[in-house]
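A short write-up of the structure that comes next.
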Ligand code: ARG
């Protein structure tokens, strides 16, 4: 077998250089086709753009380009129908497709790789793949944000206890609480959009590491593939995976936020708390305890967050010791990256749906608010507005709380005389101040929890999500 015929007769793409075939375990150890074939669409897209450029530049002939296009159409159909024969011996998605192309169209297939290396090819494929993934995730993130807004809009004035240290702190509205998660998700969306810009650059043309001697037109390829710009340095283009790591960092933050919400859903659904119920389709029962309804989905989301953090750490570690330029270590970038994207996408999808099935229990929220002196700060503020220095007001209210605690009652159950014993500034108008409704309504500034402020915030958020924020 001559070197020239290897590619069509079953030898590896580099068998001309070697005197014995690679050991079977080594073949399995080094192969990536069983996971990187997921990028087959991007690989074909990149090859077609590269081939079109080669033809425009007179590097290959028009007949070659036509053959390559014809072959790729067949390959596409084969992969889509499941009849494509993925072969471990051909290592990765790139060689599998190239080899099949050559089998289908002959020499034109062998010309495709002119002026290109798998190093810039794989970097291009990952960027194209990730760009598509980011777009899907961004739309799922929007759906999740819309679901948060819809639930918030149903509860702009539903009081619930706001917590610090997981202790009742001050009244908030459920809508306001949900809007906090909307803000987090909005920043997550912004981070992803940033990451997309840095991902969306063309590595092709870098070839193995130093560029190529052919008269290539990188700008043309970039335009064909929808890239916003070129990777400016060939060594950097083939070797760095910071865009993938950045994506995993964005995903880790987004999952962190989803995990915090998960934790709250789990607490809220605990029968001890009972603020909400999740629809049955997001829960499971117990095989032994008939009474159980477990919040499996939020628990899993919380658990999967750890897995995404692991992928981020894994990729950072993968990169840190690599000298320029490409090293095979980089083949290990794909599984963590793929899994991160899958996990984030699925979690967002399921959360958007799950939020629409949340059943809110305002009575339990209100009952929880009536224990824990949630309006104590309002009483202190009331005294301050009547002229008492804040520290003195704090002290007076603390003593009132102590009395209420001894009585086993709430502040608004103390008599006016009892309250006046802590400060003569207390008048009959204190009733409104100690009420949950009064406490909420008093925080009507932008970013506050008053129902009016929450309604206004929902309006701004909806405009932002619709893309016409002012
Ligand atoms: N499958 C390889 C990867 O994912 C493609 C690049 C291989 N290049 C090489 N010189 N071995 O990184």
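Numbering (my numbering), first residue to last: 111 to 580. Think of the CB as a built atom: it goes at the ideal place given N, C-alpha and C, for glycine as much as any other residue.
Exercise for the section: Measure the beta-carbon distance from residue 485 to residue 546 and round it to whole angstroms, keeping in mind my assumption that it falls under 8 Å. Expected result: Between residue 485 and residue 546, the beta carbon gap of about 7 Å places them in contact (Cβ cut-off 8 Å).
Exercise for the section: Please go through the stretch 237–314 and give each complete alpha helix (DSSP H) segment of 4 or more residues, from N-terminal end onward. Expected result: Taking only runs of at least 4 residues, the alpha helix (DSSP H) segments lying wholly in the stretch 237–314 are 284–309.
Handout entry: Closer than 7 Å: residue 209 CB and nearest ligand 1 heavy atom
Key = Result no, Cβ not under 7 Å from ligand 1.
Practice task
Confirm the yes/no value for this check: CB of residue 146, any heavy atom of ligand 3, distance under 7 Å.
Solution key: Ligand 3 is not among the ligands present in this structure, which contains only ligand 1.
Handout entry: beta-carbon residue 438 near ligand 1 non-hydrogen atom, thresh 7 Å
Key = If you check the C-beta of residue 438 against ligand 1, you find a heavy atom less than 7 Å away.
Handout entry: Within 8 Å, strictly: CB atoms of residue 196 and residue 155
Key = No, the Cβ-Cβ distance between residue 196 and residue 155 is not below 8 Å.
Exercise for the section: Kindly examine ligand 1 and report whether one of its heavy atoms sits closer than 7 Å to the Cβ of residue 383. Expected result: Taking non-hydrogen atoms of ligand 1 into account, the C-beta of residue 383 is found less than 7 Å away from none of them.
Handout entry: the stretch 334–351 touching the stretch 227–238, judged by at least three CB pairs closer than 8 Å
Key = The stretch 334–351 is in contact with the stretch 227–238.
Exercise for the section: Using only the heavy atoms of ligand 1, determine whether one of them is closer than 7 Å to the beta carbon of residue 142. Expected result: Under cutoff, so the answer is yes.
Exercise for the section: Tell me whether residue 298 counts as near ligand 1, meaning its Cβ is closer than 7 Å to at least one heavy atom of that ligand. Expected result: Checking the Cβ of residue 298 against ligand 1 gives no.
Handout entry: One or two residues paired with residue 340 in a DSSP bridge
Key = Here residue 340 is bridged, per DSSP, to 312.
Exercise for the section: Consider the C-beta atom of residue 229 and the heavy atoms of ligand 1; say whether any pair is separated by less than 7 Å. Expected result: Under cutoff, so the answer is yes.
Practice task
State yes or no: is the C-beta of residue 252 nearer than 7 Å to some heavy atom of ligand 1?
Solution key: Using a cutoff of 7 Å, the CB of residue 252 does not count as near ligand 1, since none of the ligand's heavy atoms is closer than that.
Practice task
Go ahead and pull the three-state DSSP assignment for residue 189.
Solution key: Annotated three-state conformation of residue 189 is helix, per DSSP.
Exercise for the section: Assign residue 169 to one of three DSSP states: helix, strand, or coil. Expected result: DSSP places residue 169 in coil when its eight states are reduced to three.
Problem - Reduced DSSP category for residue 386 - H, G, I as helix; E, B as strand; rest coil - result: In the structure shown, residue 386 sits in a strand (DSSP, three-state: E or B).
Exercise for the section: Could you say which of 543, 577, 261 and 177 lies nearest to residue 290 if we only look at CA atoms? Expected result: Ranking the options by Cα distance to residue 290, first place goes to 261.
Practice task
Just the C-alpha distance for residue 247 and residue 448, rounded to the nearest angstrom, thanks.
Solution key: So the two alpha carbons sit approximately 13 Å from each other.
Handout entry: Residue interval of the alpha helix (DSSP H) (run including residue 516)
Key = Membership of residue 516 in the alpha helix (DSSP H) is indicated by the continuous run 500–517.
Exercise for the section: Find the nearest neighbour of residue 456 within the set 263, 243 and 387, judged by alpha-carbon distance. Expected result: Closest by C-alpha distance to residue 456, out of 263, 243 and 387, is 243.
Problem - Span of the alpha helix (DSSP H) around residue 561 - result: Where residue 561 is concerned, the enclosing alpha helix (DSSP H) stretches over 561–575.
Practice task
Rounded to whole angstroms, what's the CA-CA distance from residue 150 to residue 439? Just pull it up for me.
Solution key: A direct Cα-to-Cα measurement between residue 150 and residue 439 gives close to 21 Å.
Exercise for the section: Count the C-beta pairs between the stretch 484–500 and the stretch 525–538 that are closer than 8 Å, then say yes if the count reaches three, no if not. Expected result: Contact between the stretch 484–500 and the stretch 525–538 is present, because at least three Cβ pairs lie under 8 Å.
Exercise for the section: Could you check what DSSP says for residue 470 in three-state terms: helix, strand or coil? Expected result: Reduced to three states, the DSSP call for residue 470 is strand.
Problem - Neighbourhood of residue 198 by C-beta, 8 Å cutoff - its chain only, sequence neighbours within 5 removed - result: Same-chain partners within the cutoff: 137, 138, 141, 143 and 144.
Exercise for the section: Run the proximity test for residue 232: is its beta-carbon closer than 7 Å to any non-hydrogen atom belonging to ligand 1? Expected result: Indeed, a heavy atom of ligand 1 lies less than 7 Å from the Cβ.
Practice task
Could you check what DSSP says for residue 394 in three-state terms: helix, strand or coil?
Solution key: It is a strand residue.
Problem - residue 489 and residue 544 closer than 8 Å at C-beta - result: Between residue 489 and residue 544, the CB-CB gap stays under 8 Å.
Problem - Where residue 174 falls, given that 16 or more other Cβ within 10 Å makes a residue buried - result: Classification of residue 174: buried, given that the 10 Å Cβ count is 16 or more.
Problem - Sub-8 Å separation of residue 294 and residue 284 beta-carbons - result: The answer is no: Cβ separation not under 8 Å.
Exercise for the section: For residue 404, name the three-state secondary structure that DSSP assigns. Expected result: Under the three-state reduction of DSSP, residue 404 is assigned to strand.
Practice task
Measure from the alpha carbon of residue 178 to the alpha carbon of each residue in 220, 515 and 329, then state which is nearest.
Solution key: Out of 220, 515 and 329, 220 has the C-alpha closest to the C-alpha of residue 178.
Exercise for the section: Classify residue 500 as buried or exposed, calling it buried when 16 or more other Cβ atoms lie within 10 Å of its own Cβ. Expected result: Label assigned to residue 500: exposed.
Problem - Inter-residue spacing [alpha-carbon to alpha-carbon] between residue 132 and residue 202 - result: Roughly 15 Å separates the two Cα atoms.
Handout entry: Contact set for residue 384: own chain, Cβ-Cβ below 7 Å, skip 5 residues either direction
Key = Closer than 7 Å at Cβ, skipping near neighbours: 471 and 474.
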